[in-house]
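Visitor: According to this note's numbering, the stretch in the sequence shown is residues -7 to 151, in order. For glycine and all other residues, C-beta sits at the position ideal for the given N, C-alpha and C. The structure is given below, and queries will be raised subsequently.
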Amino acid sequence: MPELTHFNQQGRARMVDVTEKAVTRRTAAAAGEIHVSTETMAHIKNGTLKKGDVLAVAQVAGIQAAKHTWEMIPMCHPLPLTGIDIVFHLSDEPCMVEISAAVTCTGVTGVEMEALAAVSAAALTVYDMCKAVQRDMRITNIRLLEKSGGRSGDYRAEE
């Protein structure tokens, strides 16, 4: 079992010192889904929700979440992100918005949490924008798809 790095000698949480780590290109991709009704999907597609363009707002929310992950997740380092892309796929069967996020940087620690935060915030924003029409939406299957760079090497989820 690998050594737990986020605890000090007293067993208390600490932010890991990454000073000596090599600067490398880091990438991560994450995905998730928000299941909606056919009525809600029609509103999303037609832009007829009172709060505005759901996907445009969710896009910005996802980007902002990636940029501010270090402020939300206590042990994350602030990172100079060099790229963030959020992609939406609208599915009618099952009825859902699929959300993907890709994040890149050149730095000393990975961007997995930033990609996961981007997907999460985008899904939460879709929920917020649509809750006047539907309350029983389900956010599901948020997961890391892949990451590259760094000492731990590359990772690709088995789909």
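#1: Taking its Cβ as the centre, do 16 or more other Cβ atoms sit within 10 Å of T132, making it buried, or is it exposed?
#2: Does DSSP classify S144 as helix, strand or coil?
#3: How far does the alpha helix (DSSP H) with V111 in it reach, from first residue to last?
#4: Counting pairs of beta carbons, one from the region 111 to 124 and one from the region -3 to 7, are three or more of them closer than 8 Å?
#5: Measure the beta-carbon distance from R18 to G102 and round it to whole angstroms, keeping in mind my assumption that it falls under 8 Å.
#6: What first and last residue would you give for the alpha helix (DSSP H) that runs through E31?
#7: Within a Cβ cutoff of 6 Å, which residues of the same chain sit near M7, ignoring the five residues on either side of it in sequence?
#8: Straight-line CA distance for K42 to A53?
#9: For E138, which residues of its own chain have a beta-carbon under 8 Å away from its beta-carbon, when the five flanking residues on both sides are left out?
Guide: Short version:
#1: Mapped onto the sequence shown, residue 132 falls at position 140. The residue in question, T132, is exposed, as its Cβ has fewer than 16 Cβ neighbours within 10 Å.
#2: Residue numbering aside, residue 144 sits at position 152 when the sequence shown is read from its first letter. Here S144 sits in coil by DSSP.
#3: As a position in the sequence shown, residue 111 is number 119, starting the count at 1. Its alpha helix (DSSP H) spans residues E104 to C122.
#4: When C-beta atoms of the region 111 to 124 are compared with those of the region -3 to 7, fewer than three pairs fall below 8 Å, so the two segments do not count as touching.
#5: Here residue 18 corresponds to residue number 26 of the sequence shown, with the count starting at 1. Here residue 102 corresponds to residue number 110 of the sequence shown, with the count starting at 1. Confirmed, about 5 Å.
#6: In the sequence shown, the residue the question calls residue 31 occupies position 39. DSSP places E31 in the uninterrupted alpha helix (DSSP H) bounded by T30 to N38.
#7: The count along the sequence shown starts at 1 and reaches residue 7 at position 15. Same-chain partners within the cutoff: M67.
#8: Along the sequence shown, read from residue 1 onward, the residue named residue 42 stands at position 50. Along the sequence shown, read from residue 1 onward, the residue named residue 53 stands at position 61. Whole-angstrom Cα-Cα distance: 18 Å.
#9: By 1-based counting over the sequence shown, the position of residue 138 is 146. Result list for E138: T19, A20, A21, D146, Y147, R148 and A149, in chain order.
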